[in-house]
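In the UniProt record's numbering, the protein residues as written are 1 to 182.
Each residue gets a CB set at the ideal place from its N, CA and C atoms; glycine is no exception.
Here the structure is a predicted model, which is why all the values come from computation and not from measurement.
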Amino acid sequence: MSLTVSNDAADASAAPAYPPQGLTPTPAQIVRHLRHSSRVAERATLLGHHPFGAVLVGPDQETVLMEQGNVDTVNHAESVLARVAALNFTPEYLWSCTLYTSVEPCCMCAGTMYWANIGRVVFGMTEKRLLEATGDHSENPTMSVDCRYVFDHCQKTVEVIGPVAEVESEVMEVQRRFWTSR
């Protein structure tokens, strides 16, 4: 399996200032964990929430430590997961972990991940593509702020992988199905 990741906003040759110590995820692990985050997003809709899901994976890139669906407009899946993780794991350990999320983290979630000290984020679909699914829906006034922009303004380098072409259409389908029914 070949993994196709768009890295249009990041300079892949730049050495991270504070690199993750865990293993680098394989393409198969990336796809598997992103699909898991998408299932968490679908489960959130069954609870009456928006279709966003996040999964925190340990440094071994296999162990799922936590998963979280969206709660509401100020308690996004990624932010809630990052806050709870910061209460349960040391910053050093979290720096070696990876947060997988179906859709690119918004600026609030990116900031929360940074402060929680999570060293890597992987997402399936961009915030820009999310806007295609939500349009101007009042329940999700999507912001056009790339998570890389947020991380580029931090003192330590959070590794960003995404969007991932192998799951992008699956994630988009979950989003479209939800937002067209609202």
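Asked, Found
"Comparing C-alpha positions only, which one of Ala116, Ala110, Ser79 and Thr73 sits nearest to arginine 153?", "The amino acid at residue 153 is misidentified as arginine; the sequence shows histidine. The shortest C-alpha separation from histidine 153 is found at Ala110."
"Taking only the alpha-carbon atoms, compute the straight-line gap between threonine 26 and threonine 142 and give it to the nearest angstrom.", "30 Å"
"For the region 79-93 against the region 144-152, do three or more pairs of beta-carbon atoms, one drawn from each stretch, fall closer than 8 Å, so that the two count as touching?", "no"
"How many whole angstroms separate the CB atoms of glutamate 78 and valine 40, which I take to be in contact at a CB cut-off of 8 Å?", "With 8 Å as the limit, glutamate 78 and valine 40 do not qualify as a contact, their Cβ atoms being about 11 Å apart."
"For the beta strand (DSSP E) that residue 183 lies in, which residues bound it at each end?", "No information on residue 183 is available, as it lies outside the stretch 1 to 182 that the chain covers here."
"Would DSSP call glutamate 104 helix, strand or coil?", "coil"
"Taking its Cβ as the centre, do 16 or more other Cβ atoms sit within 10 Å of serine 169, making it buried, or is it exposed?", "exposed"
"By how many angstroms is the C-alpha of arginine 35 removed from the C-alpha of valine 57?", "13 Å"
"Please tell me whether valine 158 has its Cβ less than 7 Å away from any Cβ of chain B.", "Absence of chain B from the displayed structure is noted, only one protein chain being present."
"Between aspartate 60 and valine 171, what straight-line distance do the alpha-carbon atoms span, to the nearest angstrom?", "25 Å"
"Helix, strand or coil, according to DSSP, for proline 111 in the structure here?", "The question names proline, but residue 111 in the sequence shown is glycine. It is helical."
"Thinking just about the alpha-carbon of each residue, which of Ser96, Ala133, Gln155 and Ala165 is nearest to the one in arginine 176?", "Ala133"
"Please report the distance separating the alpha-carbon of threonine 157 from that of tryptophan 95.", "10 Å"
"For alanine 54, which residues does DSSP report across the bridge?", "Gln68 and Thr101"
"Could you give the DSSP three-state label for valine 171: helix, strand or coil?", "helix"
"For glutamate 62, name the three-state secondary structure that DSSP assigns.", "coil"
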